[in-house]
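Q:
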Amino acid sequence: MSAEVFRGEDWYGRDLSGEAFEECTFFDVDLTEAEGEGAEFAGCTFAGVKFNAARFSSSAFTNCTFKRCTFFDTRFEQCKAVGSVFQGCTFTVFEVRGGDWSFAALTGADLRKAVWDGVRMREADLAGARLDEAEVTGCDLSGAQWRGAELTGADLRGSDLSGLDPLTVRGAGAKIDPAQAGVIAAALGYEVG
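Mapping of the sequence shown onto this note's numbering: residues 2 to 194, in sequence order.
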């Protein structure tokens with residue numbers, strides 16, 4: 002489907018597997034318990050959409066915009082969200098495993114206790130994001146923007162933190178591995194040897 006507008010529709014439990022949407026707009030659509038394997042959304046806008054208990058696998062949300070959407074108990078597995086922008090969304094019991102979220106803009110997002118495992122997030126914008134007690138493990142975060150992020154109690158082990166300036170984030174109690182400790186020490190100007 003191309004350039005269609007969906008407004009106030011009830012897609013509760015809908016199976017979107019294999020469907021493709023290009024430059025479509027979704028206003029206040031209920032995608033609660035929706036699922037999709039291999040679904041494709043390109044350049045779409047989602048405004049006020051409920052993704053509660055939705056499950057997507059091997060699906061793509063490329064260059065999409067999400068405004069005031071609700072992600073409660075939502076899971077993305079091996080999905081792409083390259084270049085997508087998230088504005089004013091709520092994330093509760095949010096889980097992303099694998100896939101590519103490079104260049105995604107999650108500026109200021111409240112991602113407390115979210116799970117990001119093995120996700121490619123190159124140059125993602127996490128400035129001002131709340132990642133308290135989140136699991137961000139085994140992720141490629143090279144070139145990511147971190148300024149003002151809250152990482153208190155987060156598990157960051159195995160992730161690429163080469164772009165992290167420890168002086169611009171709050172990270173008390175965050176878990177890191179020995180290799181990451183060396184990267185952070187070097188960022189602070191210490192010689193590790």
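Quick reminder that beta carbons are idealized off the backbone N, C-alpha and C, glycines included.
Beta-carbon within less than 7 Å of residue 144's beta-carbon, same chain only, minus the 5 sequence neighbours each way: which residues are those?
A: One-based indexing of the sequence shown puts residue 144 at position 143. Taken in chain order, the residues that qualify are 123, 124 and 164.
Q: Cβ of residue 10 within 7 Å of any heavy atom in the ligand ATP?
A: The ligand ATP is absent from the structure shown, which contains no ligands of any kind.
Q: With DSSP as the reference, label residue 180 as helix, strand or coil.
A: Numbered from its first residue, the sequence shown carries residue 180 at position 179. Three-state DSSP puts residue 180 in a helix.
Q: Looking only at its chain, what residues have a beta carbon closer than 7 Å to the beta carbon of residue 154, apart from the 5 residues adjacent to it on each side?
A: The residue given as residue 154 occupies position 153 in the sequence shown. Hits under 7 Å: 133, 134, 174 and 175.
Q: Could you tell me whether the Cβ atoms of residue 1 and residue 33 are closer together than 8 Å?
A: Shown here, the chain extends from 2 to 194; a query on residue 1 therefore has no answer.
Q: Rounding to the nearest angstrom, what Cα-Cα distance links residue 58 and residue 79 in this structure?
A: Within the sequence shown, numbered from 1, the residue matching residue 58 stands at position 57. Within the sequence shown, numbered from 1, the residue matching residue 79 stands at position 78. Taking the straight line from one Cα to the other gives about 6 Å.
Q: Relative to the C-alpha of residue 25, which candidate in 105, 48 and 126 has its C-alpha closest?
A: As a position in the sequence shown, residue 25 is number 24, starting the count at 1. Closest by alpha carbon: 48.
Q: Could you check whether residue 39 and residue 19 sit closer than 8 Å to each other, using their CB atoms as the reference points?
A: One-based indexing of the sequence shown puts residue 19 at position 18. One-based indexing of the sequence shown puts residue 39 at position 38. In contact: residue 19 and residue 39 (Cβ atoms closer than 8 Å).
Q: Is it true that the CB of residue 141 sits closer than 8 Å to the CB of residue 158?
A: Indexing the sequence shown from 1 puts residue 158 at position 157. Indexing the sequence shown from 1 puts residue 141 at position 140. No, these two residues do not count as a Cβ contact at 8 Å.
Q: Helix, strand or coil for residue 106 per DSSP?
A: Taking the first residue of the sequence shown as 1, we reach residue 106 at position 105. Reduced to three states, the DSSP call for residue 106 is strand.
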